[in-house]
Amino acid sequence: MTFLLEMREKLRNFYGKYEIYVAVAVKFILGIVVFLWINSGIGYLERLNQLAVVLLLALLCAFLPIGVMVAAACGLVLLHFSALSLEVCAIWLGLVLLLFFLYWRFALGHGYSALLTPLLCFLRVPQVMPVAMGLLEEPSSYFSVLSGAAAFFYVRGIQENIAVFTSGEEAEGFSRLSSALKLLVENKEMYLFLVSFLATSVIVYAIRRQSMAYAWKIAIFVGNLVQMIILLTGYILLAMPGRILWVILGTLLSVGISLILEFFFFNLDYSRVERVQFEDDEYYYYVKAVPKVFVAKKDKRVKRITPKNRTTVSRKQLAEELDIDQDLLD
C-alpha cells in the first residue's frame with residue numbers, strides 16, 4: 005500500500021510540474037484515436053480518409069481547448085455524411101446543433117467525456133462514464149455524456165442501415181430523410197442508455213456527497229449495480245439478449261476503474277475520524293474531519309565531507325609570524 009501511495013504522489017508531482025506538456029500529449033493521442041475511428045468507421049469522403057488529415061487535425065487540436073476537438077470531430081462526421089446522403093447530413097446537423105446548445109450551455113469544458121463516451125460505446129463498455137462523472141463532476145456536466153451517447157447511436161444506426169441511404173433515385177429523398185429521422189427518434193436502445201446513464205450519474209453523485217464513511221465506495225457499487233439492473237432489464241424487454249454479456253463485462257470494468265479514481269481523488273483514512281464543535285454569535289457548528297491518506301515526502305539530505313586544505317609554511321614565514329629568530333626553529 006505504501007508503494008502505491010508513493011507512486012500516486014510521484015504521478016501527482018510529475019503532472020503538476022509538466023501539466024502543459026502532459027495535456028498537449030493527451031489531447032494529441034486522443035485526437036488521433038477519435039479521428040482515426042471516424043475515418044475508419046464512416047469514411048464516405050475518400051479525400052478525408054487519409055492519415056495525414058488525421059495527424060494534422062490531431063496536432064491542431066492538441067494546442068487548442070478540448071471543445072475545439074469536439075467541434076472538429078462533429079465537422080468531420082458532417083463532411084463524411086455529406087458524401088453519403090444530404091438527408092443524413094441534415095439530420096446530423098440538426099442533432100449537432102441541439103447537442104452543442106446543451107453542451108455549451110451546461111457542460112462547457114467537459115469535452116473529454118463527450119469524446120470518450122462514443123469511443124467506449126463503440127468498444128461496448130461505456131458504463132464507466134456515468135459513474136466517473138458522478139464521482140468527479142457536478143450534475144450539469146452529465147449533458148456531455150448524454151450528448152456523446154446520442155451522437156454514437158445515430159452514427160451506428162446509419163452504419164447498420166447503409167443500404168437505405170445509398171440509393172441513387174431522387175424520388176426516395178423523402179424516404180431517406182424519414183428513415184434517418186427514425187434512427188434517432190425511434191431508437192429504443194439509445195433511450196435505454198440515456199436513462200441508465202442519467203440515473204446512474206445522479207445516484208452516484210447523491211451518495212458520494214454524503215458524510216458517511218466509505219461514501220465513494222458505496223456510491224461506486226450502488227451506482228454500478230443500478231446501472232446494470234436498468235440495462236439488463238431493458239435488454240430483456242427489448243429482446244436483445246446478445247448485449248447482456250457486454251453489460252456484465254462493462255460493469256466489472258467500471259467498478260475497477262472507479263476504484264482507481266477513488267484511490268487518486270478520494271483516499272481517506274476513516275480510522276482517524278475527528279469530530280469538532282465550535283460556535284459563533286448565531287450558530288453552533290459540528291464538523292466531521294476525515295484525514296486523507298498520504299505518504300510524507302522523504303527529506304533526503306546529502307552531507308559532503310571534504311578534507312581540509314593543507315598548506316606548507318616555510319621556516320622563514322613561521323618565524324616572521326611568531327616574531328622570533330629563525331635559528332630558534334632548528
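Numbering (the working numbering), first residue to last: 5 to 334.
A virtual CB, placed ideally from N, CA and C, is assigned to each residue, including glycine.
Source: prediction; values computed, not measured.
Can you tell me which of the options puts its alpha carbon nearest to the alpha carbon of residue i?
i, options, result
"L242", "L90, N191, G20", "N191"
"V30", "S148, C65, L236, F267", "C65"
"Y218", "G161, S44, L139, L198", "L139"
"L265", "R212, E286, V291, L124", "R212"
"Q163", "S145, S183, G152", "S183"
"L40", "A223, L188, V81", "V81"
"S151", "V208, M194, R247", "M194"
"A75", "V38, L90, S86, A87", "V38"
"L196", "W108, L60, V251", "V251"
"A155", "A87, S262, Y209, W96", "W96"
"Y146", "F169, T121, R160", "T121"
"L34", "C125, L90, L256, L61", "L61"
"P134", "Q321, I46, T170, S262", "S262"
"K111", "M137, L88, V92, F126", "The amino acid at residue 111 is misidentified as Lys; the sequence shows Ala. Considering only alpha carbons, the answer is M137."
"E91", "Q281, D285, L185", "L185"
Tell me the DSSP secondary structure of residue i in three-state form.
i, result
"F105", "helix"
"Q163", "helix"
"Q231", "helix"
"Y25", "helix"
"M11", "helix"
"Y218", "coil"
"V291", "strand"
"R213", "coil"
"F85", "helix"
"Q321", "helix"
"A175", "Unreliable positioning characterises A175 in this predicted model, as indicated by a pLDDT of 45, which lies under 50. A coordinate reading is not provided."
"R128", "coil"
"E286", "coil"
"E335", "The structure shown does not extend to residue 335, since the chain is modelled only from 5 through 334, so no value can be given for it."
"E190", "coil"
I believe residue i touches residue j by the beta-carbon criterion, under 8 Å. Please report the beta-carbon distance rounded to the nearest angstrom.
i, j, result
"G115", "G71", "5 Å"
"V149", "S258", "Actually they are not in contact, since the Cβ atoms of V149 and S258 sit about 13 Å apart, beyond 8 Å."
"G227", "I207", "5 Å"
"H84", "L49", "5 Å"
Buried or exposed: where does residue i fall if 16 or more other Cβ atoms within 10 Å of its Cβ makes it buried?
i, result
"E283", "exposed"
"G260", "exposed"
"R279", "exposed"
"A175", "In this prediction, A175 has a pLDDT of 45, which is less than 50 and means its spatial position is unreliable; what the coordinates show is noted afterwards. By the neighbour-count rule (16 or more Cβ atoms within 10 Å), A175 is not buried but exposed."
"T6", "exposed"
"A167", "exposed"
"Y209", "buried"
"W220", "buried"
"M73", "buried"
"Y289", "exposed"
"F268", "exposed"
"R180", "buried"
"T170", "exposed"
> So, do the region 9–20 and the region 54–65 have three or more beta carbon pairs nearer to each other than 8 Å?
Replying inline: no
>> Assess contact between the region 217–236 and the region 185–202, defined as three or more Cβ pairs (one per stretch) separated by less than 8 Å. Is contact present?
In response: yes
> Between the region 141–148 and the region 99–118, are three or more C-beta pairs nearer than 8 Å?
Replying inline: yes
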